[in-house]
Every structure is written in C-alpha cells, then in structure tokens.
Amino acid sequence: HLFICQALDEANLTRNLWKSLGHKFTDVLCVPERRLLEDSRNLALYPSTGRSDRVLLFNDILVLIQGNTFQSFDLKLTWVDAVWQWKLNQAVRQALSGKRDFPLWGEAGRGRDPPVCRFSSFTFQEEGRFKGATYEGEWRLSKPHGKGTLTWPDGRNYVGDFQEGMEHGFGICLIPRASEDRYDCYKCHWREGKMSGYGICEYGDEMVYKGYFKDNVRQGFGILENASDAEQPFKYSGHWENDKKHGYGVWDDKERGERYIGMWQEDQRHGPGLVLMQSGVCYQRTFHMDKMVGPGTLLLEDDSIFVGNFTRDLTFVGKGKLTFPNGFTLEGTFSSKSTHGLQTQGILDTSGEQDDTAEKLQLGQEVFPVEKRWEGLCSPFLEFIHSGGQGETEEAFMGFHVQTSKELRKSQEYLFCHRYHCKSIPNTSYSGIGANKHLLSMAQEEVKHTGLLRLALEVKGQPSAGGMEERYDLNGPALVLPIILPCFYPELSMLYMLYHQKEDDLYCQGIVDLSLFPDVKLLEFLEVQKRSLVKDRCFLSATECLQKLITTVDPREKLDILQKTYEEIEKTVNRVLEKEYSLPMDDLLPLLMYVVTRASIQHLGAEIHLIRDLMDPTNEGGMYDFLLTALESCYNFIQKEIRLRPSWQVLHNS
Amino acid sequence: MAASAATSGAGGGAAGGGRSFSFKVVLLGEGCVGKTSLVLRYCENKFNDKHITTLQASFLTKKLNIGGKRVNLAIWDTAGQERFHALGPIYYRDSNGAILVYDITDEDSFQKVKNWVKELRKMLGNEICLCIVGNKIDLDKERHVSIQEAETYAESVGAKHYHTSAKQNKGIEELFLDLCKRMIETAQVDERARGNGSSQSGTARRGVQIIDDEPAAQTSGGCCSSG
Numbered sequence: 001h002l003f004i005c006q007a008l009d010e011a012n013l014t015r016n017l018w019k020s021l022g023h024k025f026t027d028v029l030c031v032p033e034r035r036l037l038e039d040s041r042n043l044a045l046y047p048s049t050g051r052s053d054r055v056l057l058f059n060d061i062l063v064l065i066q067g068n069t070f071q072s073f074d075l076k077l078t079w080v081d082a083v084w085q086w087k088l089n090q091a092v093r094q095a096l097s098g099k100r101d102f103p104l105w106g107e108a109g110r111g112r113d114p115p116v117c118r119f120s121s122f123t124f125q126e127e128g129r130f131k132g133a134t135y136e137g138e139w140r141l142s143k144p145h146g147k148g149t150l151t152w153p154d155g156r157n158y159v160g161d162f163q164e165g166m167e168h169g170f171g172i173c174l175i176p177r178a179s180e181d182r183y184d185c186y187k188c189h190w191r192e193g194k195m196s197g198y199g200i201c202e203y204g205d206e207m208v209y210k211g212y213f214k215d216n217v218r219q220g221f222g223i224l225e226n227a228s229d230a231e232q233p234f235k236y237s238g239h240w241e242n243d244k245k246h247g248y249g250v251w252d253d254k255e256r257g258e259r260y261i262g263m264w265q266e267d268q269r270h271g272p273g274l275v276l277m278q279s280g281v282c283y284q285r286t287f288h289m290d291k292m293v294g295p296g297t298l299l300l301e302d303d304s305i306f307v308g309n310f311t312r313d314l315t316f317v318g319k320g321k322l323t324f325p326n327g328f329t330l331e332g333t334f335s336s337k338s339t340h341g342l343q344t345q346g347i348l349d350t351s352g353e354q355d356d357t358a359e360k361l362q363l364g365q366e367v368f369p370v371e372k373r374w375e376g377l378c379s380p381f382l383e384f385i386h387s388g389g390q391g392e393t394e395e396a397f398m399g400f401h402v403q404t405s406k407e408l409r410k411s412q413e414y415l416f417c418h419r420y421h422c423k424s425i426p427n428t429s430y431s432g433i434g435a436n437k438h439l440l441s442m443a444q445e446e447v448k449h450t451g452l453l454r455l456a457l458e459v460k461g462q463p464s465a466g467g468m469e470e471r472y473d474l475n476g477p478a479l480v481l482p483i484i485l486p487c488f489y490p491e492l493s494m495l496y497m498l499y500h501q502k503e504d505d506l507y508c509q510g511i512v513d514l515s516l517f518p519d520v521k522l523l524e525f526l527e528v529q530k531r532s533l534v535k536d537r538c539f540l541s542a543t544e545c546l547q548k549l550i551t552t553v554d555p556r557e558k559l560d561i562l563q564k565t566y567e568e569i570e571k572t573v574n575r576v577l578e579k580e581y582s583l584p585m586d587d588l589l590p591l592l593m594y595v596v597t598r599a600s601i602q603h604l605g606a607e608i609h610l611i612r613d614l615m616d617p618t619n620e621g622g623m624y625d626f627l628l629t630a631l632e633s634c635y636n637f638i639q640k641e642i643r644l645r646p647s648w649q650v651l652h653n654s
Numbered sequence: 001m002a003a004s005a006a007t008s009g010a011g012g013g014a015a016g017g018g019r020s021f022s023f024k025v026v027l028l029g030e031g032c033v034g035k036t037s038l039v040l041r042y043c044e045n046k047f048n049d050k051h052i053t054t055l056q057a058s059f060l061t062k063k064l065n066i067g068g069k070r071v072n073l074a075i076w077d078t079a080g081q082e083r084f085h086a087l088g089p090i091y092y093r094d095s096n097g098a099i100l101v102y103d104i105t106d107e108d109s110f111q112k113v114k115n116w117v118k119e120l121r122k123m124l125g126n127e128i129c130l131c132i133v134g135n136k137i138d139l140d141k142e143r144h145v146s147i148q149e150a151e152t153y154a155e156s157v158g159a160k161h162y163h164t165s166a167k168q169n170k171g172i173e174e175l176f177l178d179l180c181k182r183m184i185e186t187a188q189v190d191e192r193a194r195g196n197g198s199s200q201s202g203t204a205r206r207g208v209q210i211i212d213d214e215p216a217a218q219t220s221g222g223c224c225s226s227g
C-alpha cells in the first residue's frame with residue numbers, strides 16, 4: 001500500500017515537473033520511465049553546492065540546471081560526496097540494483113551506501129586518449145578500475161585490467177591496421193596506460209612477437225617470427241631497443257637455412273657475428289650496417305679453415321690463409337673469376353705443423369661474453385627479485401605466473417604456455433642448424449650462467465631464513481642444474497655428440513670388434529687377475545645398470561648410476577668368490593672394461609664429457625670423480641688401444 | 001675440454017682457525033708389488049676405519065691433522081697391468097702427489113718405477129711430490145734392488161725414497177705423513193707464487209683447495225726433511 005502511494009506521488013511530481021520545464025529540457029530529459037525523486041526547490045541544498053540554480057534527482061540521473069543549460073550525470077557513475085547524501089545514495093543504490101526497494105523499518109542505516117566499485121558503461125567526451133571511446137566495465141570513484149572493455153570508434157579495443165582510469169595489469173588490445181582489414185592483437189602487461197613488461201603481439205601481417213615491452217614499444221628481450229608459409233620465413237630471438245632489433249640476437253633465415261648469431265643495431269647486423277649454414281659451414285665476421293667488413297674465420301665442412309676476406313656466397317677474396325685438415329696451409333692472395341674458378345698466388349706450407357685444429361675450434365666465446373648474451377632475458381628476473389618478488393608482478397617481469405584471474409584466464413593461460421620459451425631461449429641458438437660442434441663452449445657457458453641466474457631466483461623464492469640461503473650458496477650447481485638442465489638437455493647433448501663424434505666413432509668400432517668375442521675370451525684379454533671370475537654370463541646386472549646412464553639427464557643421477565654399477569660388480573665378485581673381496585684397481589679396471597664393452601653405450605665419450613663439465617665442482621678429486629675417471633679410462637682404452645694391439649689380432653684369429 | 005676450476009669450498013668445510021687442504025695422491029706400480037696392501041694397511045688403521053669408503057681398495061680417503069692443518073687425502077689406485085699403462089695420464093692429472101711402489105725383490109718393478117718417474121716429470125713437472133717406495137722389506141734376504149742404488153736414483157729425480165713392509169706395517173705411517181707435509185709446502189709455495197690463494201688461475205691444479213684466506217703460515221724447510 002505504502003509502495004503504491006509513493007509511486008503515485010512520484011509520478012505526479014514528475015508530471016508536474018515536465019510541465020514546468022521548458023522544451024529545451026524536456027526534449028532531452030523526458031523519458032517514460034524516469035521519475036523525480038527530489039527537487040532542490042523542495043529540499044534546500046547547502047549553500048556550498050555551488051553554481052547550480054536547481055538540482056533535480058531522478059531515479060537514474062542527477063541533473064544540475066544553470067540558467068538555460070544543464071548537465072546530467074548517470075547515477076550509476078555517481079559517487080556522492082556530501083549533498084543530499086542519504087537520498088542520493090539511496091537513489092544511486094536503487095539505480096544500480098534496478099529495484100525500487102524501500103527501506104523497511106528496522107533496517108535503517110544498514111546497506112544504505114551504494115558500493116564504491118560498480119559496473120557500468122560510459123562514453124568519454126573530453127579530450128584525451130579515451131575521447132570517443134566507450135568503456136564498459138568496473139568503476140571505482142568515477143574512474144575505470146578493475147576489469148573492463150574500452151572501444152574506440154576507429155575499431156580499437158582494449159579488454160583487460162584498469163587501475164585509476166588507466167590500462168594497468170593484463171589486457172588484450174586490438175588495433176586495426178591502417179591499410180588492410182586486419183588487426184594487431186597485443187596480449188600484454190600494462191603499466192599506467194602503456195604496454196610494459198611481458199607480452200605477445202600477433203600482428204595483422206601474421207608476424208608474432210613474444211617478449212618484453214616498455215612504453216608501448218618492443219624493448220628488452222623478444223622473439224619475432226613470421227608464418228612458416230610466408231615469402232621469407234624468419235625468426236629473430238634477441239634484444240630490442242625502441243621497437244628495433246638491437247644488441248645480441250639470433251636470426252634464422254628459414255628460406256636460406258642460415259642462422260646469424262651476433263650483434264644488432266637499428267634492425268641491422270652490426271658488430272661481431274657468427275653465421276651458420278645448413279651444410280655445417282660456419283664463419284665468424286664483423287658486420288657494419290648489415291655488411292661484412294674486415295677478415296673473418298671460415299670453417300668449411302671438411303674442417304679446413306680459411307682466415308681472410310670472403311663474400312656471402314663463400315668466395316675467397318684478397319689476402320687470406322687456408323688451412324687444410326691435414327695441416328697444410330696456403331697463404332696468399334685469392335681471387336675468383338667465374339670462368340676460371342678460384343685462383344691464388346701464395347705459399348703452400350706442407351710441414352703440417354699447425355696447432356689450430358679446426359675440428360675442435362670453438363667460435364663466439366670471446367666476442368660474446370656470456371653474461372651479456374641474454375641480458376634482456378636475465379634482467380627481468382633480476383628486476384623481479386629486486387622489486388621484492390611479489391606474486392602479482394611475477395608475470396609481467398617473467399612472462400608467466402602461477403595464478404590466473406577469472407575473466408582473462410584463457411588469454412593468460414596462453415601467456416602461461418609461453419613461459420617455457422624464456423627458460424629455453426638458448427636452445428634457439430643451438431638447435432637445428434645451430435647444432436654445430438664449434439658452438440659447444442658457448443652453449444656450456446650459457447647452461448652454467450643460466451644456472452646461476454636460476455639460483456638467484458630460487459634463493460629469493462625461499463621465504464625462510466638466512467640459513468637456507470647459505471646452503472644454496474654452497475651447493476649452487478647441484479641444486480639448480482636439475483631444474484634447468486632438462487630444458488637444455490636435448491640441444492646440449494646433441495652438441496656434445498657432434499663435438500666428440502670422431503672419438504665416439506672409433507670407440508664404437510672398438511666395441512664392435514670386442515663384441516665378436518665370447519665372455520671368457522674377452523675377460524682373458526682384459527687380463528682379469530682372478531681366474532674364477534673368468535667365466536660366461538657374469539656381470540649381467542652391472543651391465544644393465546650401466547646402460548641406464550643414457551636414460552638420465554642430471555649428472556648427479558648419472559654418477560649415481562656409475563656407483564651402482566660398481567656396487568653390482570662388487571656384489572657379483574663376492575658371490576663368485578664366495579667371500580667379501582675389496583677390488584683393487586688391478587681387478588676393478590679390467591672388470592669395468594668388460595662391463596663397459598658389454599653395455600655398448602653409444603656416444604659414451606659425449607656422456608662422459610657432459611657429466612664432467614656439468615658435475616658439481618665439489619666432487620672433484622672425490623669418489624665420483626674417481627669413478628668417472630675409471631669410466632673414461634675404459635672409454636679411452638676401447639677407443640685407442642684395441643685396434644693397435646697385435647695381441648688382440650692373435651686372440652681374434654685363434 | 002678444460003675441466004672447470006674448483007671454486008666452491010664446500011668440500012673442505014670450514015676449519016676453526018686452522019687451514020684445510022685437499023690432496024689427490026695417485027698410486028702407481030706394477031701388478032704384484034703390493035701397492036694396494038700398502039695403502040689398505042694405512043687406511044685400515046684402527047683409528048681411522050670409519051673413513052673407508054665404498055670403493056674400499058681402489059679409492060681411499062683419509063683425514064689428517066698436521067700441526068693444526070687439516071688434510072683430506074684422496075688416494076687413487078691404478079691398474080698395474082702393462083696393458084693399461086697408456087691410461088696413466090687420465091688418472092694422475094691434477095694429482096698433488098704420487099706414490100711409486102716397487103718390490104725390492106723384483107728388479108723389473110724398479111725399472112717400471114723409473115719409467116713412471118720419467119713420465120710424471122715430463123707431464124706434470126716439479127709440481128707433483130714423488131715418493132719412491134721399496135716395499136716388502138720383510139723379504140730383505142731376497143733383495144734385488146740395492147738400497148744405495150734406489151736412494152741415489154730417488155735423489156737424482158727430486159723424489160724421496162722410503163722402505164716399507166705392508167706385511168709388518170713398517171714405514172707406512174711415516175711415508176704418508178711425510179708426503180702430506182711436502183704437499184702442504186708445495187701448495188703454500190704455489191699459493192705465494194700466485195700472490196693469493198683465492199685466485200685460482202686456469203692452470204692451477206684443482207686438487208688443492210685452500211679454504212681459509214688466513215695469510216700463509218711460514219713453514220721451515222726443516223720440518224719436511226725428516227723421515
């Protein structure tokens with residue numbers, strides 16, 4: 001009853017108002033559903049409320065009249081400060097809820113204030129970035145704040161987080177391209193209205209950038225790639241400055257099958273660089289604005305080295321020195337005419353006394369100091385750490401975080417999926433064409449360096465006391481390697497295999513020769529001292545144990561396998577001899593050699609060196625070092641000795 | 001490929017005021033000269049049995065305290081068979097000391113020691129402390145290598161000579177103690193030559209890990225000439 005009376009009153013008041021106002025007002029303001037709730041003529045305002053002659057409060061808007069003009073404010077976007085506070089707040093609350101709920105007795109004073117944060121839409125009129133744009137989303141104290149969508153008349157569109165009236169947090173922005181009917185799509189972190197931190201941009205021309213932004217441009221580390229079916233497919237992984245390639249970066253020319261690893265400036269190759277080709281040929285040169293200048297070092301497929309000037313299609317020009325794989329050198333002036341082939345005048349040195357063997361030559365180490373190489377990738381980690389490492393900022397700094405918020409969950413998960421690209425960046429250098437034995441040292445450095453970086457992160461990630469950190473410091477490599485090594489392992493192990501290929505081939509040949517012989521003959525040949533151990537089908541368990549070496553990644557686990565192999569050998573010996581027997585090397589080494597032979601692990605040389613290089617330095621001189629050394633000596637023996645021994649031939653023929 | 005230099009001091013632990021050294025000692029000698037029994041005798045000593053590792057006869061460790069200096073000794077056995085002679089360098093690289101054992105009743109085994117000395121001096125220079133050990137002095141009646149000859153030879157190559165009997169546990173304790181003292185001295189000379197122990201250059205032998213950066217204590221040459 002009360003409700004009906006009040007509704008009728010309001011309708012009446014409103015009708016009277018429309019009658020009393022001029023056309024200028026009613027044309028705009030008079031809509032059927034609108035009801036007058038309060039009029040300043042009926043309820044006086046405080047004098048301080050200003051210049052308005054009259055204030056009208058409707059159920060959806062607040063109108064301030066001054067002379068012949070008026071301003072209207074959407075109640076949903078009105079945050080009341082002082083005037084008519086109770087009445088206005090109630091009207092705002094009702095406008096927001098869309099219900100004409102009347103306060104009941106006994107409920108007074110409760111739930112009267114409308115919420116500070118609201119959801120509404122609004123079109124910006126005033127000059128500025130948002131002019132003409134319509135915002136739909138969460139508000140707080142008359143500013144977009146929270147999640148929302150901003151749409152500009154030209155088709156630009158932002159969906160994401162706002163703070164204090166600006167894009168801030170995570171958001172997706174679509175920007176139409178001028179010429180075509182396509183969009184650039186930025187999925188990015190924002191800071192005070194600008195793209196800042198990690199993001200992904202899918203450009204309208206099918207290129208994709210994944211990396212860091214600052215002040216709306218690409219800055220720091222990032223990967224730019226175009227579609228694989230593009231005319232000139234490429235991938236750039238490296239540093240950016242003011243939207244341009246700048247600093248250390250890796251460029252893959254997928255069409256030519258070439259990779260450039262080196263320095264950039266203003267989108268051009270500039271400074272020292274390495275070029276790797278599909279054929280395995282690689283060279284180190286200095287570039288100046290995309291052009292090669294000065295002499296360089298060229299490593300050919302057959303392990304000859306040319307030091308001097310050469311063109312991009314590998315024609316020798318001018319003074320240079322060519323070192324053949326056999327050690328002969330040719331030093332002189334080279335020229336080539338299309339009809340005559342390569343011509344040279346120079347000195348051929350056939351003494352073969354050359355120290356620099358091309359096979360093991362390592363490129364890039366000196367010219368690209370490891371700590372500078374992936375600076376852009378490292379610095380966000382460090383910044384994150386310095387900023388106190390808070391969860392919210394983690395993703396913006398590092399391109400990923402663990403928790404995702406509701407509405408943008410999907411897009412963020414998309415970002416999340418790309419987090420691994422950060423961890424595995426060095427892989428871009430050394431996979432595919434980059435699997436070049438001349439780059440092993442560079443790769444090793446990067447694994448170790450990234451390891452240290454990760455360590456810094458781990459330490460910081462531990463909220464507990466200083467005691468923990470000390471322990472981390474002491475055991476750094478041991479703790480960190482298991483975390484990062486799996487990311488690098490395939491590429492790294494490939495590089496080791498390439499680097500040690502020749503030795504591993506010889507070793508495999510030795511294994512093949514030895515595998516022709518029955519157990520007893522082999523044990524005899526290896527001079528196993530205890531006669532009772534020379535029998536068939538012994539040491540199977542040890543052999544099987546050693547074979548597990550290739551199934552692990554972590555050098556610690558590999559060393560554990562070695563130790564278990566030793567223990568299996570000892571167990572077998574104790575069983576056969578029917579007593580406890582500690583094996584001195586005179587007995588252990590031949591048995592280990594037998595086990596290594598029977599385990600016939602391919603690429604054992606690569607394995608041994610990988611373990612040794614990545615082993616925790618505290619193991620040096622210790623038992624693990626000893627076991628690894630014993631394994632290495634078996635490998636060397638099989639590789640070098642077998643084929644040279646006439647005694648073996650005797651055994652072979654018998 | 002260069003092995004990474006040891007930088008972490010975790011292996012030695014923090015010594016309370018004293019200094020800590022880690023040494024690698026390689027054991028060389030022909031098959032039946034008793035080098036393994038020698039070292040087993042040393043490490044099996046009842047005061048130290050808890051330090052014996054899983055690789056009980058091929059790789060042994062022992063902790064000592066010499067004049068307040070803590071020494072971690074790792075003793076690497078090698079196979080004596082002539083067939084495996086060429087594998088030597090893999091084992092003795094980065095060693096601080098070598099114990100070369102011959103059998104006093106076997107002239108041939110002494111010849112082998114001479115070969116090893118030549119090789120070690122060639123590969124490792126004077127950095128490595130050499131001990132030439134005539135074992136089996138309990139069989140002095142059957143001696144085929146004269147004391148005079150052996151000691152003169154040792155002196156001529158800058159090595160020290162010792163007479164031991166693994167069977168009767170003679171001379172063994174002295175041998176190792178003396179070797180440790182010499183290795184400490186070499187390490188300290190080396191450290192002084194490099195200015196400071198903390199910077200380990202690429203060629204520095206990784207076997208030496210000097211933990212504390214307390215200034216090097218003055219060691220008189222005399223303390224090492226006994227034995």
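Protein chains in written order, with the UniProt record's numbering: chain A, 1 to 654; chain B, 1 to 227.
In this text, a Cβ means the ideal position worked out from N, Cα and C, and glycines have one as well.
Interface partners of residue i on chain B, CB under 7 angstroms
i: A/Leu562; result: Within chain B, no residue comes near A/Leu562; the closest Cβ sits about 11 angstroms away, beyond 7 angstroms.
i: A/Ser541; result: Per Cβ cutoff of 7 angstroms: no residues; A/Ser541 is ~17 angstroms from chain B at best.
Helix, strand or coil at residue i according to DSSP, with G and I counted as helix
i: A/Glu620; result: coil
i: A/Lys530; result: coil
i: A/Tyr581; result: coil
i: A/Phe525; result: helix
i: A/Gln343; result: strand
i: A/Asn12; result: helix
i: A/Ala456; result: In this prediction, A/Ala456 scores a pLDDT of 43, lower than 50, which makes its location untrustworthy; no coordinate-derived value is stated.
i: A/Ser411; result: The pLDDT assigned to A/Ser411 is 41, lower than 50, so where the model puts this residue is not dependable; a value taken from the coordinates is nonetheless given after this. Three-state result, A/Ser411: helix.
i: B/Leu124; result: helix
i: A/Lys19; result: helix
i: B/Leu40; result: helix
Interface partners of residue i on chain B, CB under 9 angstroms
i: A/Thr629; result: Trp76, Ile90, Tyr91, Arg93
C-beta contact flag for residue i and residue j at 8 angstroms
i: B/Val26; j: B/Tyr92; result: yes
i: B/Glu127; j: B/Thr186; result: yes
i: A/Gly171; j: A/Val159; result: yes
i: A/Gly364; j: A/Gly346; result: no
i: A/Ser121; j: A/Glu136; result: yes
i: B/Gly34; j: B/Asn135; result: yes
i: A/Gly294; j: A/Phe310; result: no
i: A/Ser336; j: A/Phe306; result: no
i: A/Gln232; j: A/His246; result: no
Beta-carbon neighbours of residue i, restricted to chain B and to distances below 8 angstroms
i: A/Glu632; result: Ile90
Opposing strand residues paired with residue i [DSSP bridges]
i: B/Ile66; result: B/Lys69
i: A/Pro144; result: A/Trp139
i: B/Leu27; result: B/Asp77, B/Ile99
i: A/Arg54; result: A/Ile65
i: B/Gly134; result: B/Tyr102, B/His163
i: A/Glu38; result: A/Leu57
i: A/Leu150; result: A/Tyr135, A/Tyr158
Beta-carbon neighbours of residue i, restricted to chain A and to distances below 7 angstroms
i: B/Arg83; result: Glu527
i: B/Gly80; result: Asp586
i: B/Phe21; result: Within 7 angstroms Cβ-Cβ: nothing; B/Phe21 doesn't reach chain A, min ~11 angstroms.
i: B/Leu87; result: Ser633, Asn636, Phe637
Amino acids of chain A, ordered along the chain, whose beta-carbon sits closer than 8 angstroms to that of residue i
i: B/Ala166; result: Within chain A, no residue comes near B/Ala166; the closest Cβ sits about 12 angstroms away, beyond 8 angstroms.
Tell me the start and end of each unbroken alpha helix (DSSP H) in the segment 157-241 of chain A that is at least 4 residues and wholly inside, in chain order. Along the length of the segment 157-241 of chain A, whole alpha helix (DSSP H) runs at least 4 residues long do not occur.
Output the residue ranges of the beta strand (DSSP E) runs that lie fully inside the segment 247-328 of chain A and measure 3 residues or longer, sorted by chain position. Inside the segment 247-328 of chain A, DSSP marks whole beta strand (DSSP E) runs of 3 or more residues at positions 258-265, 268-277, 282-288, 291-299, 305-310, 316-323, from first to last along the chain.
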